[in-house]
Structures are given as structure tokens and as C-alpha cells.
Amino acid sequence: MSKRRMASLVSALLAMFLVLSACGTTDTSKTSGSGKPKNKNQTKESASPGKKSSSGDILNELGMEPIVKKPYTLTIGLPQDTNVENYDTNHYTQLLEKKSGIDIKFEMLPAKDAGQKLAVMISGSSALPDIISIGLSDLEVYSYGSQGNFIPLNDYYENSSFYFKRAVQEHGLDTILKDITSADGNIYTVPLYNPEYGNEWDHRAWINKTWLKALDLDMPKTTEDYYQVLKAFKEKDPNGNHKADEIPYMGHINGWNSQPQDFFMNAFVYYNTAYNYILADNGKIDIAANKDEWKKGLQYLNKLYKEELISPLTFTQDKSQFQQAIENPGAQIVGSITTGSMSIYQTDSKRKEDMTFLPPLTGPNGVCWATKRYQGPVNRSYITKDAKDPEVAFRLLDLMCDTESSITSRFGEMDKDWKFATDADKGTGLYENMGIPATIKVINNHWGQPQNSEWADAQAAIRPYQYGIGGMTWDGNEYDSQYMTAQAVPSYIDKAPKEVVLKVPFTTDENDRVSEILSSLTTYINESTQRFIVGDMPFSEWDNYVGELDNIGLEEYLKVVQKAYDRYRKK
Amino acid sequence: MSTVLRASKPVRQKRSAWRKEVLSRWQLYLFLLLPLVYIIVFAYVPMAGIQLAFKKFSPRLGIWGSPWVGFDQFRKFFKSYMFGRVLKNTIRVSLYSLIAGFPLPIIFSLLLNSMRNYKFKRSIQMITYIPHFISTVVLVGMVLQMINPRVGIFGIFYRTLAGLDLPNLIGMPKAFSHLYVWSGIWQGLGWGSIIYISALASVDSELHEAAEIDGASRFQRVRFIDFPSILPTATIMLILHSGQIMNVEFEKVFLMQNGLNQRASEVISTYVYKVGIASSRQDFSYATAIGLFNSVINFALICLVNSFSKRVSDNRLW
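Those sequence lines, one after another, are chains Y and H. The working numbering applies: residue 1 is where the first sequence begins, and numbers increase by one. The working numbering applies: residue 1001 is where the second sequence begins, and numbers increase by one.
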């Protein structure tokens, strides 16, 4: 072996070592983040799944507290929220432990990829905790359930439920079980039911009312009005600093309905983001994204973009860059934005005080929709095949559905973080305009802050309008972001078409047929929408765009959705 | 050693010689053990998962129990709408990084080596390799912030100099590969040149002295002494790099992606992530198949370049 080659080999080895050591560091940082199974007895028990245990020895009668007669330990898999200080000493944990007598242990899943972690746990056939509590799609629940990873709960709902039954009866939620039933007729989940008007009608736009007033303009009602207003914002120096620094409209990516099409498309054709731009008319399924109205909407937005009324950063900047613009220290520079909530501003921001909601605009053809979102119960907690005693686990989940637990899991400790509204608070409800009485007076609002009183709402709960945000009292701050949302809701509500597709559960088979089509389809539609708006794709290519949708497999997709929708309607 | 060379000796004696060799240098072999275990555990054992590419994976049945489907997953990928696009983007981005990024560390190390002032040399070396330690997330955040036309440092410069707003680079498909490659070069230049600098340090100083006496200019010394002496290292590095052609840094591309540049920025690894892991129904088999396709091409390339190098020079990996 020549000396030269020796030298080169050594260098190469050195290079490889550098590469490997770099890999090593990233690996360890990753594994340290994700939780490892720590509960010993649970791994032992998992050897014999499905074994009926003698729950009678452990459990007390329905409705009696505590739930268990003798000490019992149960593990819950939860996505770890960084704002929760300590899950073991958490107030909500202690409330559950006190009422149930069960010692609750946690197995933490990574907050962002909890679903993936679960998939990996299942595919790696590692033992699952007794209860898993994360949001999953209907299809995921159906596939995990039908594969036997989650246990069907129909019988438990029938025979072992007390708090859930009571809540359903009290609040008149007759259809709740139907809504969480999987395609095979089984129920695999204890849901989180937490409807809010603000979330139901959340495609909102906001406009600078100070500027409207400064320029003596009316609140725009049509798309044409809005165009004129933005033009005036741009040209007439509404912030009065003699500089052309005004940004008439700005949005950002990866936000809560923060793109212009999320709001303005509704003046042309119904914009169904809840379900892939699907339209329904008398049970007939169609898609909005290849209609002439869609094109008209894009042309309108393209006009705004060309005249520099839409900031070009809208399609590339993230939330933090957007916030730098809307909180601009020198002068107010933003005229109009789209975002689900005004909480994008700092809590005490002066810039926020200029803004007010923009009611849905009417398009040239008289179209004026507002996007509606599904607010029924969603899949949340599941009992796994490795649960030591499914009935005890169900009883704990049942307890979570109690009204007091449900309020605690969102607002924290009673009489410390919140208390029930008294007569003195009458008429001060946040959603008094929707006829919801003031019910909950929040003393210490810790939502999104570091806290140790709840699990950041990661569990099952039954929390109708009145017991969620809707029932909160209002402290009189006109610029409270929730109050601003509440004020916007009446202008948006019921502006959706009569028939809206919110939820169409697929079978695994159907999903296999369309999942890839759907992924390409939505990517292509989103991408083309943005390209049409910024003019990267001229409208002469519209026919090519429509043809491309067909190439991707639009027809096949619509056929499958139609079939699933027919089945869903019959149910 | 002499016993080994004598071919007529029986096998047993050969083996005992080997044992003797190991026992006499057992410390060295002990050192070797750890990397060996590492490679077996983290590189060879996971290879069993490759079978997923030829199966229809079901979590219930597990990796070994899932049914075989032959080349179905590959067929699905080749027929898919995204195939042409992701392949083109992947090759464009990685070939560009290789062509632009490979020669620069060599030139840089040659320049640095012929510098006389030791302190200056050291500080330059330090400064250039510090960016290597910035994490990808932070790096991308820095790039995005810098090229923001409104508040970024380049945006402000451009406005003062040209009087115009900087075009929104991150939203332009054309600009994507440039941003990706040059930010990568900025980050990796110093680190990548370490290996060449160390190779240069081992060049016999007598060669330089002799050349100087013969009246060689500085450039001539670089051209005829330094460059040939790092050429073997460079060739090996090139072979290694060519085995990475289809591997684009997933995290960085993913973080730099947005709807407007997606046309140019969707590469195989981000696509695998999207269909295999991030989509509502995870398709591990499909993702494995795409990943395997990627690796097979990489392997073919590394073989190709290696045999080519073997033919034209004496440098090769095996």
C-alpha cells in the first residue's frame, strides 16, 4: 500500500468520523426529547390483553366517590405541553386523583408529533399506556380501533358511564354518540366536546378603523369597496407621517386563516377549508377549485397584488415577521389583516386598538359566504389494548366528562383561577350577543402561560358553549382579543350555504384509493392559488391548471367522496 | 507475518497466527470494537426494515408479518404525479451544492496554507468554521430574517442602494437553490477545509525548501507541491460526496419551504416525510420504498465514481 493511499484513507476515515459524530449528537438530542415507557407493571400486564378482570373487587358503585375501593395505578399517555409545570402535582391531576382514588401516572408524548409517536409505538409493538389522550382523525381512530389497538367502548358507555350520561342529559346533547361512532359502528373514543362560536366562524378579516375614520371612509361592504379602501390606505397617507410606509393588506403563512384567500374567496365561491374546498348541493358533491367563480376570486386578489395593495411578504413570512410589521414601533403601518384571532397582537398592544372586524364582503355576483367549521365532539381519549382494566380506565375518562372536571380542565382551579358567575355578573357575558349567559368568571387567565392547574386541555371533556369560552364574563376591556372575536361573530354566523360538508368519514379502503390523490391535489391547489395571486402563473394558464387537476385524479377523488358522503347522510 | 506468507502451512497454524496478532495488539482491537458495535447496531440491524419497501405494512401485523407486495410501492412512486418534480429538484439542488461546494474548501485551504502570519491564519480558520456549529433551524431563521425585504439587513441595504424593495427571494422558485447552496457553503466552508488543511500540514517542508532554492514562485509551489499532495484526499472526498448526491439536507429544505417556492423546493426527502409520516394516514411502506430508491441511486453513483477514479488514477475507496 503506497504511502499516499494510506494518507488518503486516513483522511477519509477522519472525514467519516466527523460525519458520524455529528449524527450522534443529533440522535441523542432527539431521543432525550421523547418520552420512554417508564411504567413497569404495565409492561408486565400487556402480555395478556383482552383478559376480563374482576372489576367488581376494585370498583365502587356508579356515581360513588372515589371510583376505586383500593389503591390503583393507571397510566395516561399525553402530549407534553411545555406550559404545564408538573403533571404529577398539577391541580387537575389532583382533582381526578381525589375524586377517583386512582393514582395517575404519565407517559409523555412529544407535543408536536404525538400522533407519530403513537404510530411508532404501535408499529414497534411497545406496550401502550392504559389511556392515550391525543387528537386523532376519524380515520386514524377507525384504523387503530379496527386493528384492535383501541378497545370498543360501546358497552361501557351503556353500563359504566355516570358523569358522561349526566352531562349529556343536562346539556341535551342527544347526537353526541352518533358523532363519535366509527365507520364500523363501534365507539373507540371519549370525546372532547368544546364548541365555540369563535372557532365555528373563524375565517375573519380585520381592518384599521382609525384609518377609515382619518380618510372619512365607510366600512367596506363589497369587494369593490374594499379595493377602493385599500387604495386609499396606500395613497392618502392615513397614518399622517408623510411617508408612503403604509401596507394596505398583509397576511402570513402557517397561521390561523392568515392568508388573503381564506377570507376573500368567500365573496366569490364558498371556501370550504374544513373539507378540501368541497361543495355540496342536494347531496351532489363538487369542488370549488376549478370553477369560474374561483378564477374570478383569484383575479380579484391578483389585481390587489399587482397594485401592491397586498404585501408580497404575505405568502412567505412567518408569524414572527408578521408580528414585527403589525407591532411596528414608529407608526401604525398596517391597514388590514386576516387572522383567526387578535391574540396575534401583544395583549396590551396599542396597534390592536386601531383594528376592528371586517364583516364578510359581497362579491360582484352577490355572493357573500362565511366559512363554517365543525364544532361537534372530536376524538380525544382512547383505552388501549394494553389497559390493565379497561373498565377502571373508562370510569376515569367518564369522570373527566363531569361538568366540574370539564371546566377545571380548561380554566384551572375553582375559586382560585375561576369561580361561577353570580347575579352581580349578570349581563356581562362575553357572548351575551349570542344569548349565552355569563357563567364563568376567570380570576387568573393562564391560557397559553406557564401554569400548574390543568393539562392544557389535552383530555376528554364535555364543555358546552356556556361552560367554555362562550360563558366567560367580560371585564370591560374592548380590546380583549376574545371580546373582539365575540363582537365579530354575529356578522359571520349563518352565512354558510345550507348544505356544508364538514365531516365525511372514509373507510380505510376508500382512503387508500384517494390519500395520495388528495395530498397532491391540495398541494397543487394551494400552490397554484398563491401563484395565480402573485402573478407567477398567468391566467392564460387557467385551462392548463384545470386540466392538471383532472390529471392528478380529481374525478376519482370526487367519486369516492360522493360515495362516503351518501353513506354518511343515510346514517 | 512470515508464517502467514508461507502458503504451504496448514490452516490451523494460520488461525493461530491471527490469534497471536490479535492478542499482541489487543488494545487496538478493543478500540475497534466500539465503532464496530455502533455500526452493527445502527447501520446493519435497521437494514432489516428495508423489507418494508416490498410489503404492505400494517402495524397490527408488524414488520415481519405484513404481506409482500413486490414492487408495487415503487410502481406507485414512479407513476405518481410528484415523481418527476421531486427527482428533478433533488438532483438540481444536490448537484449544484456539489459543484459549487466541493472545490471551494480546497481553494480555501490552499490559500490559507500559503499564508505566512500564523496568528492571522489561525483566526481566519476559527472564524470560518464557527458557523458549522449553528443549528439548521437557527441558520434558516437567520437567512429568512436577513433577506426579508422590509426589515432584513439585505432588504435595507438594497433599498438604500437601489432605491427599490428587494424582491421577495424566499418566494421565488428560481432563487431557492441559490439560497440553499450558498447559505450551506457559508456554513460549511471552514469545517470542510479542515481535512485539507491537515493534509497540507503533513507535506514535507523539504520539498518547499528545495523548490524555493530552485526559484519556484509561490504560485508554482502551490500548483506543483501543495495541490498534488492533497489530490488523493480530494478524490476520496469526491467519491464520498458523490454517494450523497441524492441526499439533500431534509431539515433545511423543509424549513425554507413555502407555497410559492415549493415548485423548486420539494425534494425526495421532504416528499417522503409528507406522504410517509406527516399525512393523516401514515404509509411507512411507501416512504421506505422511496427512501430505498434514493439509497440505491446513491450506491450506484458511488460505485460509478469509484471505478472511474480507479481507472484514471490510483485513488479509490475500495
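Ideal Cβ placement from N, Cα and C applies to all residues, glycine included.
Step through the CB atoms of chain Y and report whether any lies within less than 9 Å of the CB of residue i.
i, result
"aspartate 1072 (chain H)", "no"
"phenylalanine 1284 (chain H)", "yes"
"arginine 1311 (chain H)", "no"
"glycine 1184 (chain H)", "no"
"phenylalanine 1054 (chain H)", "no"
"arginine 1092 (chain H)", "no"
"tyrosine 1096 (chain H)", "no"
"leucine 1301 (chain H)", "no"
"serine 1016 (chain H)", "no"
"asparagine 1245 (chain H)", "It should be noted that the sequence gives isoleucine, not asparagine, for residue 1245 (chain H). No, isoleucine 1245 (chain H) does not count as interfacial toward chain Y."
"arginine 1150 (chain H)", "yes"
"alanine 1201 (chain H)", "no"
Taking 9 Å as the threshold (beta carbon to beta carbon), is residue i in contact with chain H?
i, result
"aspartate 536 (chain Y)", "yes"
"arginine 576 (chain Y)", "This structure gives no information on residue 576 (chain Y), because the portion of chain Y shown stretches from 1 to 571."
"isoleucine 552 (chain Y)", "yes"
"phenylalanine 233 (chain Y)", "no"
"threonine 43 (chain Y)", "The predicted model places threonine 43 (chain Y) with a pLDDT of 37, which falls under 50 and marks its position as unreliable, so this point remains unresolved."
"lysine 36 (chain Y)", "Caution is warranted here: a pLDDT of 38 is assigned to lysine 36 (chain Y), below 50, making its placement in the model unreliable, and no coordinate value can be reported."
"serine 46 (chain Y)", "Its pLDDT being 37, under 50, serine 46 (chain Y) is placed unreliably by the model, and the measurement read from it follows with that caveat. By this cut-off, serine 46 (chain Y) is not an interface position."
"threonine 652 (chain Y)", "In the structure displayed, chain Y extends from 1 to 571; residue 652 (chain Y) sits before or after that span and is not available."
"glutamine 147 (chain Y)", "yes"
"arginine 531 (chain Y)", "yes"
"leucine 313 (chain Y)", "yes"
Taking Cβ to Cβ, would you say residue i is nearer than 9 Å to residue j?
i, j, result
"glycine 459 (chain Y)", "leucine 78 (chain Y)", "The question names glycine, yet the displayed sequence has glutamine at residue 459 (chain Y). Yes."
"leucine 136 (chain Y)", "threonine 189 (chain Y)", "yes"
"isoleucine 1239 (chain H)", "valine 1312 (chain H)", "no"
"alanine 274 (chain Y)", "threonine 371 (chain Y)", "yes"
"isoleucine 104 (chain Y)", "leucine 128 (chain Y)", "no"
"valine 1296 (chain H)", "valine 1093 (chain H)", "no"
"isoleucine 253 (chain Y)", "asparagine 1258 (chain H)", "yes"
"glutamine 451 (chain Y)", "glutamate 85 (chain Y)", "yes"
"isoleucine 176 (chain Y)", "glycine 376 (chain Y)", "yes"
"glycine 468 (chain Y)", "proline 437 (chain Y)", "no"
"leucine 1110 (chain H)", "aspartate 1226 (chain H)", "yes"
"asparagine 433 (chain Y)", "glutamine 466 (chain Y)", "no"
"methionine 1246 (chain H)", "isoleucine 1091 (chain H)", "yes"
"isoleucine 287 (chain Y)", "leucine 298 (chain Y)", "no"
"proline 364 (chain Y)", "threonine 523 (chain Y)", "no"
Ignore the nearest five residues each way along the sequence and tell me which others in residue i's own chain have a CB closer than 8 Å to its CB.
i, result
"threonine 408 (chain Y)", "His91, Tyr92, Leu95, Met414, Ser453, Glu454"
"glutamate 327 (chain Y)", "Tyr345, Gln346, Ser349, Arg351"
"aspartate 1165 (chain H)", "Pro1149, Arg1150, Gly1155, Tyr1158, Arg1159"
"asparagine 477 (chain Y)", "Tyr483"
"proline 152 (chain Y)", "Gly145, Asn186, Ile187, Tyr188"
Who are the Cβ neighbours of residue i in its own chain at under 6 Å, not counting the five residues just before and after it?
i, result
"glutamate 1251 (chain H)", "Thr1136"
"proline 238 (chain Y)", "Trp211, Ala214, Leu215"
"leucine 397 (chain Y)", "Val190, Ser381, Ala460"
Who are the Cβ neighbours of residue i in its own chain at under 7 Å, not counting the five residues just before and after it?
i, result
"tyrosine 557 (chain Y)", "Val514, Ile517, Leu518, Leu521"
"asparagine 302 (chain Y)", "Phe532, Ile533, Gly535"
"asparagine 1393 (chain H)", "No statement about residue 1393 (chain H) is possible, as the shown extent of chain H runs from 1001 to 1318 and does not include it."
Discussion item. Does the structure place the stretch 486-499 of chain Y close enough to the stretch 355-370 of chain Y that three or more beta carbon pairs sit under 8 Å?
Written reply: Yes, they touch.
Worksheet item: Hey, is the stretch 439-451 of chain Y in contact with the stretch 416-424 of chain Y, meaning 3+ C-beta pairs nearer than 8 Å?
Response: The stretch 439-451 of chain Y makes contact with the stretch 416-424 of chain Y: 3 or more CB pairs, one atom from each, lie closer than 8 Å.
Fill in: Ordered list of alpha helix (DSSP H) runs contained in the stretch 1193-1255 of chain H, each at least 4 residues
For the stretch 1193-1255 of chain H, whole alpha helix (DSSP H) runs of length 4 or above, ordered along the chain, are 1205-1213, 1218-1221, 1227-1242.
Practice prompt. Determine contact between the stretch 1286-1293 of chain H and the stretch 1190-1197 of chain H, defined as no fewer than three beta-carbon pairs at a distance below 8 Å.
Written response: Because the criterion of three Cβ pairs below 8 Å is not met, the stretch 1286-1293 of chain H and the stretch 1190-1197 of chain H do not touch.
Discussion item. Check whether the stretch 281-289 of chain Y and the stretch 552-564 of chain Y are in contact - that is, three or more C-beta pairs closer than 8 Å.
Written reply: Touching, yes, given that three or more Cβ pairs across the two stretches are closer than 8 Å.
Practice prompt. Report the residue ranges of all beta strand (DSSP E) runs contained in full by the stretch 331-393 of chain Y; include only those spanning at least 3 residues, in chain order.
Written response: Taken in chain order, the complete beta strand (DSSP E) segments of 3 or more residues contained in the stretch 331-393 of chain Y are 334-338, 355-358, 378-383.
Discussion item. So within the stretch 238-299 of chain Y, which uninterrupted alpha helix (DSSP H) runs reach at least 4 residues, ignoring any that extend past its ends?
Written reply: The stretch 238-299 of chain Y contains, as complete alpha helix (DSSP H) runs of 4+ residues, the segments 260-264 (chain order).
Item to complete: Kindly provide the ranges of any alpha helix (DSSP H) runs that are 4 or more residues long and lie completely inside the stretch 73-113 of chain Y, ordered along the chain.
Response: Restricted to the stretch 73-113 of chain Y, the alpha helix (DSSP H) segments that are unbroken, complete and at least 4 residues in length are 91-100, listed in chain order.
Worksheet item: At a cut of 8 Å, does the stretch 1263-1275 of chain H reach the stretch 1168-1187 of chain H through at least three beta carbon pairs?
Response: Because the criterion of three Cβ pairs below 8 Å is met, the stretch 1263-1275 of chain H and the stretch 1168-1187 of chain H touch.
Fill in: Continuous alpha helix (DSSP H) assignments of at least 4 residues falling wholly in the stretch 491-542 of chain Y
Qualifying alpha helix (DSSP H) stretches, in chain order: 508-534.
Worksheet item: In the stretch 196-225 of chain Y, which residue ranges form an unbroken beta strand (DSSP E) of at least 3 residues, counting only runs that do not cross its ends?
Response: Along the length of the stretch 196-225 of chain Y, whole beta strand (DSSP E) runs at least 3 residues long occupy 205-208, reported in chain order.
Discussion item. I want to know whether the stretch 242-253 of chain Y touches the stretch 313-321 of chain Y - three or more CB-CB distances under 8 Å.
Written reply: Judged by Cβ distances under 8 Å, the stretch 242-253 of chain Y makes contact with the stretch 313-321 of chain Y, as three or more pairs qualify.
Fill in: Stretch-stretch touch, CB-based, cutoff 8 Å, three pairs: the stretch 377-384 of chain Y with the stretch 120-134 of chain Y
Yes, the stretch 377-384 of chain Y is in contact with the stretch 120-134 of chain Y.
Fill in: Any 3 or more C-beta pairs closer than 8 Å across the stretch 525-545 of chain Y and the stretch 1082-1092 of chain H
The answer is no - the stretch 1082-1092 of chain H does not touch the stretch 525-545 of chain Y, with fewer than three Cβ pairs under 8 Å.
Discussion item. My parser needs the alpha helix (DSSP H) runs of 4 or more residues fully inside the stretch 1108-1180 of chain H; what are they?
Written reply: Runs found: 1118-1129, 1136-1146, 1153-1162.
Discussion item. With three or more C-beta pairs closer than 8 Å as the rule, is the stretch 229-247 of chain Y touching the stretch 324-338 of chain Y?
Written reply: With the cut-off at 8 Å, the stretch 324-338 of chain Y and the stretch 229-247 of chain Y touch.
Practice prompt. Would you mind listing the alpha helix (DSSP H) stretches within the stretch 1055-1082 of chain H that are 4+ residues and don't spill past its ends, in chain order?
Written response: Segments of the alpha helix (DSSP H) lying fully in the stretch 1055-1082 of chain H: 1062-1065, 1072-1079.
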